[in-house]
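Chemist: Chains as they are written, first to last, in the numbering used here: chain A, 1 to 276; chain B, 277 to 435; chain C, 436 to 642.
Even for Gly, the Cβ is constructed at its ideal location relative to N, Cα and C.
Pasting in a structure now, in structure tokens, and then I'll have a few things to ask.
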Amino acid sequence: MDKTIKKNLVESVRDIALDYLSEGGYSGVLALRRVEDHVEPYLFTSPNELDSLSISGRYPIAGVARRLFERWPEEKLVVVVRGCDERHMIELAKKGSVDLERVRTIGIACSEEEARACQCVRPYPSRVDVGESIGDVDYLDHETLSYLEGLDIWDRRRFWTEVFSRCIKCYGCRNTCPLCYCDDCRLEESRWVRVGEIPPEFPSFHLIRAFHLADKCVGCGACERACPMGIPLGKLHELVRQELKKLFGYEAGLNVEEKSPLLLTLDESPMEELEQ
Amino acid sequence: MKVNARNMEGRVKEASDFAPAIAVFHCRWCLPESDFVRMLLPENSRDRSVVVKLNCTSRMEAEFAIKAFAEGYDGVLILGCEMGECHYRTGNELALKRFTLFRRILELSGIYPERLSFIFVSPYDEEAIRDKVKSFVDDVILCGPFKYKKKWIKPSRKT
Amino acid sequence: MEGLLYAFLFLFYYVSEMEMHETYIQISDFARELDAASTYELDLSDCYGCARCSSVCKVAAFAALDEPMTPRALLYRAVIGETKSIIESPFIWLCSGCARCEEACPQGVRISEVVRSLRRLALEMGRKNPNAARVNERICMHCGACVVVCPNKAISIVDGGPKGKVANVDPSECRGCGACSSVCPNNAIQQASLNYIEILNMFARKS
Numbered sequence: 001m002d003k004t005i006k007k008n009l010v011e012s013v014r015d016i017a018l019d020y021l022s023e024g025g026y027s028g029v030l031a032l033r034r035v036e037d038h039v040e041p042y043l044f045t046s047p048n049e050l051d052s053l054s055i056s057g058r059y060p061i062a063g064v065a066r067r068l069f070e071r072w073p074e075e076k077l078v079v080v081v082r083g084c085d086e087r088h089m090i091e092l093a094k095k096g097s098v099d100l101e102r103v104r105t106i107g108i109a110c111s112e113e114e115a116r117a118c119q120c121v122r123p124y125p126s127r128v129d130v131g132e133s134i135g136d137v138d139y140l141d142h143e144t145l146s147y148l149e150g151l152d153i154w155d156r157r158r159f160w161t162e163v164f165s166r167c168i169k170c171y172g173c174r175n176t177c178p179l180c181y182c183d184d185c186r187l188e189e190s191r192w193v194r195v196g197e198i199p200p201e202f203p204s205f206h207l208i209r210a211f212h213l214a215d216k217c218v219g220c221g222a223c224e225r226a227c228p229m230g231i232p233l234g235k236l237h238e239l240v241r242q243e244l245k246k247l248f249g250y251e252a253g254l255n256v257e258e259k260s261p262l263l264l265t266l267d268e269s270p271m272e273e274l275e276q
Numbered sequence: 277m278k279v280n281a282r283n284m285e286g287r288v289k290e291a292s293d294f295a296p297a298i299a300v301f302h303c304r305w306c307l308p309e310s311d312f313v314r315m316l317l318p319e320n321s322r323d324r325s326v327v328v329k330l331n332c333t334s335r336m337e338a339e340f341a342i343k344a345f346a347e348g349y350d351g352v353l354i355l356g357c358e359m360g361e362c363h364y365r366t367g368n369e370l371a372l373k374r375f376t377l378f379r380r381i382l383e384l385s386g387i388y389p390e391r392l393s394f395i396f397v398s399p400y401d402e403e404a405i406r407d408k409v410k411s412f413v414d415d416v417i418l419c420g421p422f423k424y425k426k427k428w429i430k431p432s433r434k435t
Numbered sequence: 436m437e438g439l440l441y442a443f444l445f446l447f448y449y450v451s452e453m454e455m456h457e458t459y460i461q462i463s464d465f466a467r468e469l470d471a472a473s474t475y476e477l478d479l480s481d482c483y484g485c486a487r488c489s490s491v492c493k494v495a496a497f498a499a500l501d502e503p504m505t506p507r508a509l510l511y512r513a514v515i516g517e518t519k520s521i522i523e524s525p526f527i528w529l530c531s532g533c534a535r536c537e538e539a540c541p542q543g544v545r546i547s548e549v550v551r552s553l554r555r556l557a558l559e560m561g562r563k564n565p566n567a568a569r570v571n572e573r574i575c576m577h578c579g580a581c582v583v584v585c586p587n588k589a590i591s592i593v594d595g596g597p598k599g600k601v602a603n604v605d606p607s608e609c610r611g612c613g614a615c616s617s618v619c620p621n622n623a624i625q626q627a628s629l630n631y632i633e634i635l636n637m638f639a640r641k642s
């Protein structure tokens with residue numbers, strides 16, 4: 001990445017953040033902060049902290065925003081978002097966990113390298129304040145996806161059995177996903193998933209998660225990045241997203257008024273292929 | 277029918293050897309008596325199968341089906357009212373959407389989607405129920421027993 | 436002479452009219468209460484007992500109650516004021532408001548509205564809706580999925596509960612279909628008559 005361009009983007013973000021902080025009325029700017037050799041989410045409240053604001057590195061920051069609003073629902077917040085972060089916020093707003101009236105965004109468009117690294121198709125937020133949007137692209141890992149779709153059913157079973165048997169139930173996928181936020185998560189309840197078993201019984205753990213997130217997943221890939229065992233979770237969720245697109249023409253995170261098709265009747269949200 | 281004779285989950289010597297364990301979930305308005313369905317299952321399956329009566333098929337969660345497979349049932353059958361006949365007006369539409377998606381997810385994870393079936397029945401037509409349940413049980417027998425060999429597999433170098 | 440005849444006939448007619456009114460069944464106070472509890476005008480005396488409503492009612496046909504109840508029987512008992520048997524019958528809680536009875540009724544009696552009034556009166560008397568959904572306020576994440584999916588629009592998100600907002604069920608509108616329970620991500624809303632633990636226990640095996 002060209003250092004000068006990167007530096008200019010960060011400077012632009014810091015300038016806009018400074019404007020918001022000077023304007024007042026916001027509890028702070030939620031963004032990533034560089035600390036020694038890593039980045040972490042941080043709520044910038046005063047202008048002299050802004051020097052450490054960083055936009056390198058990916059982090060699903062919408063989860064932090066949700067927790068802030070849970071604790072202080074009356075405050076207003078400025079959030080630095082990329083395309084996927086904004087889609088997370090829209091999905092959270094559909095659930096009433098985030099009030100979009102109280103949020104101001106600083107939108108960053110991802111570069112081609114960043115989009116390629118994330119296997120993204122929509123690397124831009126709805127309003128781009130910093131950076132140049134490269135538009136709709138397709139950097140999905142089609143090799144793996146078409147390989148999976150081309151497999152016969154028993155080879156597919158062998159593939160997923162092998163990858164899921166690496167699971168150590170660290171809950172990293174669930175903890176990092178901004179849309180997986182139930183305090184009393186089913187995956188921790190012994191009635192749904194047996195406690196103390198590694199790997200967790202198939203298909204309980206992963207299929208429950210895949211089904212719960214079917215109409216909420218925006219395809220950010222944070223779960224796959226978080227998994228310490230290299231399980232290709234993102235591919236499974238991407239395949240489920242494609243099924244939802246095929247059946248109901250629905251994509252999560254685009255429009256806050258659009259309700260999930262799994263909650264609506266056939267009149268309100270028709271199904272393309274009615275098969276049993 | 278996409279089920280192939282060679283299946284990875286188990287070897288079935290003859291169809292008559294295998295008595296599948298079926299979990300049936302039905303709504304109380306399309307089928308007031310659970311025993312009627314129980315009697316439609318093969319004789320040697322009846323002890324291993326279970327019939328659950330719900331108020332409406334919209335109560336049926338996909339997670340129940342996941343749990344049924346994890347507990348060792350070979351097939352999950354859902355019986356609901358026909359379109360337009362749901363006692364709660366639109367409950368069966370919700371369930372149909374949910375289970376159409378869920379069958380696709382099962383197929384993506386490598387489980388035969390024929391193991392899960394959503395059948396519309398009417399309490400006035402017993403013959404149709406009989407035929408549909410029989411064809412579902414035959415499909416499950418062809419799929420074979422649902423087994424998951426659980427072992428700790430060392431992660432290979434290439435992912 | 437003729438005048439006397441007419442006077443006598445008039446008197447005879449008048450007295451017999453009075454007598455005929457005496458033999459009509461009086462609309463009970465309870466039926467008047469039902470009319471008052473409803474937003475619609477309910478004239479139960481329109482019913483002449485053809486039982487077309489009972490022939491299309493699913494609850495009458497398939498609910499298999501210990502004490503059978505049909506819409507016609509319910510109307511009759513409401514008219515004569517026998518309140519105990521209909522208030523205590525599970526019929527009013529199993530009715531889903533599908534209104535097939537209203538469609539079938541040739542007299543236009545709003546039978547499903549009668550049942551709705553009965554439910555309100557029963558709740559006022561302290562009886563409970565046994566199929567109603569109940570929210571576990573401690574774990575409800577107020578995501579609103581149940582609100583969207585309820586076919587009777589019985590659920591709303593209100594202020595309250597340990598997380599600030601919580602789902603709330605109106606027991607007079609809830610018909611017990613269970614759609615809300617199936618979409619709740621962490622099983623916070625369940626039917627009082629059958630919750631997810633009971634369902635799981637039904638098919639749990641030691642395998």
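Measure the C-alpha to C-alpha separation of B/Val416 and C/Leu629 and round it to an integer number of angstroms.
Modeler: Here residue 416 of chain B refers to the residue found at position 140 when the second sequence is read from its first residue. Here residue 629 of chain C refers to the residue found at position 194 when the third sequence is read from its first residue. The alpha-carbon atoms of B/Val416 and C/Leu629 are separated by roughly 29 Å.
Chemist: If distances are taken between C-alpha atoms only, which option among A/Ser260, A/Met271, A/Leu263, A/Leu254 comes closest to A/Gly83?
Modeler: On the first sequence, position 83 is the one that residue 83 of chain A refers to. Ranking A/Ser260, A/Met271, A/Leu263, A/Leu254 by Cα distance to A/Gly83 puts A/Leu254 first.
Chemist: So, is the C-beta of A/Leu263 closer than 9 Å to a C-beta in chain C?
Modeler: Here the question's residue 263 of chain A lines up with position 263 in the first sequence. Interface residue, yes.
Chemist: Could you tell me whether the Cβ of A/Val218 comes closer than 9 Å to any Cβ of chain B?
Modeler: Taking the first sequence and counting its residues from 1, the one referred to as residue 218 of chain A is at position 218. No, no contact with chain B.
Chemist: If we count the other Cβ atoms within 10 Å of its Cβ and call it buried at 16 or more, is A/Asn48 buried or exposed?
Modeler: Working through the first sequence from its first residue, we reach residue 48 of chain A at position 48. With fewer than 16 other Cβ atoms within 10 Å, it is exposed.
Chemist: Applying a beta-carbon distance threshold of less than 9 Å, which residues of chain C neighbour A/Cys185?
Modeler: Taking the first residue of the first sequence as position 1, residue 185 of chain A is located at position 185. Going along chain C in sequence order, the residues near A/Cys185 (Cβ under 9 Å) are Pro620, Asn621.
Chemist: Assign A/Leu92 to one of three DSSP states: helix, strand, or coil.
Modeler: Position 92 of the first sequence, counted from the start, is the residue given in the question as residue 92 of chain A. Looking at A/Leu92 - three-state DSSP - the assignment turns out to be helix.
Chemist: For C/Tyr441, which of helix, strand or coil comes out of DSSP?
Modeler: The sequence position of residue 441 of chain C within the third sequence is 6, counting from 1. Helix.
Chemist: In the DSSP assignment, what are the bridge partners of C/His577?
Modeler: In the third sequence, counting from the first residue as 1, residue 577 of chain C sits at position 142. Bridge partners of C/His577: none, in fact.
Chemist: Which value, in whole angstroms, describes the spacing of the CA atoms of A/Cys173 and B/Glu369?
Modeler: Counting from 1 along the first sequence, the entry for residue 173 of chain A is found at position 173. Counting from 1 along the second sequence, the entry for residue 369 of chain B is found at position 93. Looking at the two C-alpha atoms, the distance is approximately 32 Å.
Chemist: Determine whether the Cβ of B/Ile342 lies closer than 9 Å to any Cβ atom of chain A.
Modeler: By 1-based counting over the second sequence, the position of residue 342 of chain B is 66. At a cut-off of 9 Å between C-beta atoms, B/Ile342 counts as an interface residue with respect to chain A.
Chemist: Sort C/Ala614, C/Glu537, C/Ile515, C/Cys585 by Cα distance to C/Arg487 and report the nearest one.
Modeler: One-based indexing of the third sequence puts residue 487 of chain C at position 52. For the residues C/Ala614, C/Glu537, C/Ile515, C/Cys585, the minimum Cα distance to C/Arg487 belongs to C/Glu537.
Chemist: Within 10 Å of its beta-carbon, does A/Thr161 have 16 or more other beta-carbons around it, so buried, or fewer, so exposed?
Modeler: The residue labelled residue 161 of chain A in the question sits at position 161 within the first sequence. Its Cβ being crowded by 16 or more others within 10 Å, A/Thr161 is buried.
Chemist: Below 7 Å CB to CB, which residues in the same chain sit around C/Thr458 once its five sequence neighbours on both sides are set aside?
Modeler: Position 23 of the third sequence, counted from the start, is the residue given in the question as residue 458 of chain C. Only weak support is given to the placement of C/Thr458: the predicted model assigns it a pLDDT of 43, under 50, and the value that follows is read from those uncertain coordinates. There are no such residues.
Chemist: Apply the 10 Å Cβ neighbour rule to A/Glu91 and answer buried if 16 or more other Cβ atoms are within range, or exposed otherwise.
Modeler: Locating residue 91 of chain A in the first sequence gives position 91, where the first residue counts as 1. By the neighbour-count rule (16 or more Cβ atoms within 10 Å), A/Glu91 is buried.
Chemist: Mind listing the chain A neighbours of B/Arg374? Cutoff is C-beta to C-beta under 7 Å, in chain order.
Modeler: Counting from one through the second sequence, the residue named residue 374 of chain B turns up at place 98. Here the neighbours are Leu262.
Chemist: Compare the C-beta of A/Pro203 with all C-beta atoms of chain B and state if any pair is closer than 9 Å.
Modeler: For the purposes of this step, residue 203 of chain A is taken as the residue at position 203 of the first sequence. Judged by the 9 Å Cβ criterion, A/Pro203 is in contact with chain B.
Chemist: Rounded to the nearest angstrom, what separates C/Glu608 and A/Val256 at their Cα positions?
Modeler: For this step, residue 608 of chain C is matched to residue 173 along the third sequence. For this step, residue 256 of chain A is matched to residue 256 along the first sequence. Spanning the two alpha carbons is a distance of roughly 28 Å.
Chemist: Taking the alpha carbon of A/Ser190 as the reference point, which residue from A/Leu145, A/Glu201, A/Asp85, A/Lys94 has its own alpha carbon closest?
Modeler: Start at 1 with the first residue of the first sequence, and residue 190 of chain A comes out as number 190. That would be A/Glu201, whose Cα lies nearest to the Cα of A/Ser190.
Chemist: For chain A, is any of its Cβ atoms less than 9 Å away from the one on B/Met284?
Modeler: Counted from its first residue, the second sequence places residue 284 of chain B at position 8. Residue placement at B/Met284 cannot be trusted, given a pLDDT of 41 that sits under 50; what the coordinates show is reported in the next sentence. Taking Cβ atoms only, chain A reaches closer than 9 Å to B/Met284, which makes this a yes.
Chemist: Is it the case that the region 496–506 of chain C contacts the region 520–535 of chain C, given that we only count it when at least three CB pairs across the two stretches are under 8 Å?
Modeler: yes
Chemist: Between A/Pro261 and the rest of its own chain, which residues show a CB-CB distance below 6 Å, the 5 nearest in sequence each way excluded?
Modeler: Counting from 1 along the first sequence, the entry for residue 261 of chain A is found at position 261. Closer than 6 Å at the Cβ level, and outside the excluded window around A/Pro261, lie Phe248, Tyr250, Ser269.
Chemist: Shortest alpha-carbon distance to A/Arg58 belongs to which of A/Gln242, A/Arg87, A/Gly221, A/Glu238?
Modeler: Reading the first sequence from its first residue, position 58 is the one you call residue 58 of chain A. The option with the nearest alpha carbon to A/Arg58 is A/Gly221.
Chemist: Does the beta carbon of B/Pro308 come closer than 9 Å to any beta carbon on chain C?
Modeler: For the purposes of this step, residue 308 of chain B is taken as the residue at position 32 of the second sequence. With 9 Å as the cut-off, B/Pro308 counts as an interface residue toward chain C.
Chemist: Smallest Cα separation from C/Leu529: which of C/Ala614, C/Pro565, C/Met637?
Modeler: Here residue 529 of chain C corresponds to residue number 94 of the third sequence, with the count starting at 1. Selected option, being the one with the closest Cα: C/Pro565.
Chemist: Can you check DSSP and say which residues form a bridge with C/Gln542?
Modeler: Looking up residue 542 of chain C in the third sequence gives position 107. According to DSSP, which records beta bridges pairwise, C/Gln542 is partnered with nothing at all.
Chemist: Since C/Ala639 is in the alpha helix (DSSP H), which residue starts that stretch and which ends it?
Modeler: Translated into the one-based positions of the third sequence, residue 639 of chain C becomes position 204. Where C/Ala639 is concerned, there is no enclosing alpha helix (DSSP H), given that its DSSP letter is neither H nor E.
Chemist: Once DSSP output is grouped into helix, strand and coil, what is the label at A/Leu43?
Modeler: As a working mapping, residue 43 of chain A is identified with position 43 in the first sequence. Looking at A/Leu43 - three-state DSSP - the assignment turns out to be strand.
Chemist: From C/Ser490 to C/Leu553, what does the alpha carbon distance come to, in whole angstroms?
Modeler: For the purposes of this step, residue 490 of chain C is taken as residue 55 along the third sequence, with counting starting at 1. For the purposes of this step, residue 553 of chain C is taken as residue 118 along the third sequence, with counting starting at 1. If you take the alpha carbons of C/Ser490 and C/Leu553, they lie about 21 Å apart.
Chemist: Roughly how many angstroms separate the alpha carbons of A/Ser12 and A/Leu179, rounded to a whole number?
Modeler: Translated into the one-based positions of the first sequence, residue 12 of chain A becomes position 12. Translated into the one-based positions of the first sequence, residue 179 of chain A becomes position 179. Going from the Cα of A/Ser12 to the Cα of A/Leu179 covers about 29 Å.
Chemist: B/Cys303 by DSSP, collapsed to three states: which one?
Modeler: Translated into positions along the second sequence, residue 303 of chain B becomes position 27. It is a strand residue.
Chemist: With a threshold of 16 other CB atoms inside 10 Å of the CB of A/Asp152, please say whether the residue is buried or exposed.
Modeler: On the first sequence, position 152 is the one that residue 152 of chain A refers to. Exposed: under 16 other Cβ atoms inside 10 Å.
Chemist: State the Cα-Cα distance for the pair B/Lys410 and B/Ala341, rounded to the nearest angstrom.
Modeler: The residue labelled residue 410 of chain B in the question sits at position 134 within the second sequence. The residue labelled residue 341 of chain B in the question sits at position 65 within the second sequence. Distance between the alpha carbons of B/Lys410 and B/Ala341: 20 Å.
Chemist: In chain A, which residues lie with their C-beta within 7 Å of the C-beta of C/Gly579?
Modeler: As a first step, residue 579 of chain C must be located in the third sequence, where it is residue number 144. Simply Lys95, Gly96.
Chemist: Tell me which residues share the same chain as A/His237 and place their Cβ nearer than 8 Å to its Cβ, disregarding the 5 neighbours each side in the sequence.
Modeler: By one-based count along the first sequence, residue 237 of chain A stands at place 237. Within the same chain, and ignoring the five residues on either side of A/His237 in sequence, the residues whose Cβ sits closer than 8 Å to its Cβ are Ala210, Leu213, Cys217, Gly219, Cys223.
Chemist: Taking the continuous alpha helix (DSSP H) assigned at C/Gly561, which residues delimit it?
Modeler: Taking the third sequence and counting its residues from 1, one reaches residue 561 of chain C at position 126. First-last for C/Gly561: undefined, no H or E at that position.
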